[in-house]
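A.B. asks: Please see the structure below; I have some questions.
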Amino acid sequence: MANIDWKAIREKEFPVLKTMTFLDAACVSFAPRRAIDAVKDFAEMTGRQDEANSSAHHIAMDALRDKAYKEAQKLFHADPEEIALVESTSHGLNIAACGIDLKDGDSIITTNLEFIQVALPWCMMRKEKKIDIRVCKTADNRFRAEDFAKLADETTKILVMSTVEWCNGWASDLKEIGAWCQKNNIMFVVDAVQQMGVTKIDTKECHIDLMVAGGHKWGNSPYGTGILYVNKDALDKIKQSYGGYLNTTVPEGGWGAYWEKVDAQAVFDWTFPNTARKYEIGGTSNYPGAIALGESLGLVNEIGIENIQEHVWELGEYCMDQIESIGGTVITHRDPQRRAGIIIARLYKDPEFDRMIMRELHAKRIFVAQRFTDSVGGFRISCQWYNVKEDIDAMIQGMKDIIALVGREPDYGK
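Just so we're aligned, residue 160 is where the sequence shown starts under the numbering used here, counting upward by one.
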């Protein structure tokens, strides 16, 4: 890991962290100052017209989205035609559900630990089509290709899952699972919202058909814009969801010239470049969101995802050690290759005791969360790259103080 001054970056880009102990990026994170400043600059731009005319002004606003594409392309080692911008993870998962053709009798596989949005579009589809949603549940709450193989057959068309499970922090082996999907002609759709910007995803090293991640969590961009990756080999397999003019082939001379054509027609045989951008809505978009996300991902790339990854893994290990030192039980797997920034832990068998501790921590401005799915979960502690060991120490001291007041030793693992 390079010699990164994490505290200096934190002080410059996230001054709000001086006012609290924040360990909840897995819910929603803060924007860095560079993103906030870029959004402010855009707001000022909307009150002026620096271009020759309104059409040029509109085109200039569209161009401000370019950095988000380029930074996402770099982060995921993707090709330019594989990256698009969407509103959110939910938006991208619905693009997958609407675009991948399923017929009566087809099946999809997901896991029992997903955030509800991962399965929701296909759950709704069952009202119109007789599809089977098969839920993978394992004894150790971890998922491998062999676990999915037990549920798959010739009807299985899609595996949809999170790259990192939100309630236990398990980071699946995307290379292994993607290879299994590719071999069995199963579309691999992933929600990477709990991983984008914190540990490495190389789309050249692992096979993924469609990946989506909202920017508001580990991407540090809570402005309603996320990244959609569509493997170029899957572009012909996923139907286009929207028909927007900005998705069409740009006319000769550009849109400014086209709008001035006397014989321009609305009814026309429009064509669409075969890129991931055909899945965008294709109209006037969330410019502040795209601008902020470009800046936030730019900061990630500036630091280096490998450096971030090593720092987060080290911080997570320290967090787990400290949790165990006060009698807590760590749920998250210790192998750094099988985790990202989420650490899940329990103190008490009774979740109400843990909930009470969480509320007391919040009162002390120490922010963690509590999350469960299918009886799996606990305290969710987010070790983001802007966090330092002192944040973990403050949380642990807060827990110790509350445990002392309660007068009851942690008993979850006993």
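Here a beta-carbon is modelled for each residue, glycine too, at the ideal position from N, C-alpha and C.
1. Verify whether the separation of the beta carbon atoms of Trp339 and Phe302 is less than 8 Å.
2. If you drop the 5 nearest sequence neighbours on each side, which residues of the same chain put their C-beta closer than 6 Å to that of Arg293?
3. Does the stretch 176–190 come close enough to the stretch 530–550 to have 3 or more Cβ pairs within less than 8 Å?
4. For my contact list, Ala231 and Ile450 are in at a C-beta cut-off of 8 Å; report their separation, rounded to the angstrom.
5. Check whether the stretch 389–402 touches the stretch 369–381, taking contact to mean three or more Cβ pairs, one atom from each stretch, closer than 8 Å.
6. Suppose the cutoff is 6 Å on Cβ atoms and the five residues either side in sequence are ignored; what does the same chain contact list for Ala304 look like?
7. Give me the DSSP bridge partner(s) of Met574.
8. Opposite Tyr477 in the DSSP bridges: which residues?
9. Is the beta carbon of Asp260 sitting closer than 8 Å to the one on Lys398?
10. Measuring CA to CA, which of Lys523, Ala278, Lys548 and Met558 is closest to Val321?
11. Locate the alpha helix (DSSP H) running through Ser214, then write down its first and last residues.
12. Ends of the alpha helix (DSSP H) at Thr205?
13. If you reduce the DSSP assignment to three classes, tell me which class Asp350 lands in.
14. Can you give me the start and stop residues for the beta strand (DSSP E) that Gly373 sits inside?
15. Can you tell me whether DSSP reads Arg169 as helix, strand or coil?
16. Quick one, which of Glu465, Ile482, Asp552 and Glu473 has its alpha-carbon nearest Pro569's?
17. Can you tell me the Cβ-Cβ gap for Leu326 and Val535, rounded? I've got them flagged as a contact below 8 Å.
18. Apart from the five residues on each side of it in sequence, which residues of its chain come closer than 7 Å, Cβ to Cβ, to Lys523?
19. Is it buried or exposed for Asp513, if we count other Cβ within 10 angstroms and need 16 for buried?
20. Rank Ile555, Asp509 and Val421 by C-alpha distance to the C-alpha of Ser484 and give the top, closest one.
21. CB Trp544 to CB Val357, shorter than 8 Å?
22. Pull up the distance between the alpha-carbon of His216 and that of Gln208, whole angstroms please.
23. Roughly how many whole angstroms lie between the Cα atoms of Ala330 and Glu210?
24. Cutting at 6 Å between CB atoms, please list the residues of its own chain near Met220, excluding the five before and the five after it.
25. Among Ala237, Gly206 and Val245, which residue has its Cα nearest to the Cα of Arg436?
26. Closest to Gly374 by C-alpha separation, out of Ala563, Tyr228 and Leu318, would be which residue?
27. Give me the Cβ distance between Gly378 and Ser444, rounded to the nearest whole Å; I'm assuming they're in contact under 8 Å.
28. Pairs of beta-carbons, one from the stretch 465–472 and one from the stretch 486–494, closer than 8 Å: are there three or more?
29. Based on the DSSP output, what are the partners of Asp291 in its beta bridges?
30. In angstroms with no decimal places, state the Cα-to-Cα distance between Asn433 and Glu439.
31. Assuming Ala499 and Val323 are in contact, meaning their beta carbons sit under 8 Å apart, how far apart are those beta carbons, in whole angstroms?
32. Can you give the Cα-Cα distance for Phe173 and Lys199, rounded to whole angstroms?
33. Any idea if Gln424 is buried or exposed, counting beta-carbon neighbours within 10 angstroms, 16 or more meaning buried?
34. Going straight from the alpha carbon of Leu394 to that of Ser249, what length do you get?
35. Quick one: what does DSSP say Gln496 is sitting in, helix, strand or coil?
C.D. replies: Here's the rundown:
1. no
2. Cβ neighbours of Arg293 beyond the five flanking positions: Ser266, Ile268 and Leu310.
3. Taking 8 Å as the limit for Cβ pairs, the verdict is that the stretch 530–550 does touch the stretch 176–190.
4. For Ala231 against Ile450, the beta-carbon gap comes to about 13 Å, at or over 8 Å, which does not count as contact.
5. yes
6. Glu335, Ile336 and Trp339
7. Outside the shown range of the chain (160 to 573) lies residue 574, about which nothing can therefore be said.
8. Per DSSP, none; premise fails for Tyr477.
9. yes
10. Sequence check: residue 321 is Ser here, not Val. It is Ala278 whose Cα lies nearest to the Cα of Ser321.
11. Ser213 to Ala222
12. Looking at the DSSP string, Thr205 is not in any alpha helix (DSSP H), and its letter there is neither H nor E.
13. strand
14. Leu369 to Gly373
15. In this structure, Arg169 counts as helix in the three-state DSSP scheme.
16. Ile482
17. First, the amino acid is wrong: residue 326 is Cys here, not Leu. At roughly 5 Å, the Cβ-Cβ gap stays under 8 Å, so Cys326 and Val535 are in contact.
18. Gly557, listed in sequence order.
19. buried
20. Ile555
21. yes
22. Pairing His216 with Gln208, the inter-Cα distance amounts to about 6 Å.
23. Cα atoms of Ala330 and Glu210: separation of roughly 47 Å, rounded to the nearest angstrom.
24. These residues qualify, in order along the chain: Tyr446.
25. The candidate whose alpha carbon is nearest that of Arg436 is Val245.
26. When each option's Cα is compared against that of Gly374, the closest is Tyr228.
27. Gly378 to Ser444, Cβ: 17 Å. No contact.
28. no
29. In DSSP, Asp291 forms a bridge with Ser266.
30. 12 Å
31. Right, their Cβ atoms sit about 5 Å apart.
32. 16 Å
33. exposed
34. 19 Å
35. helix
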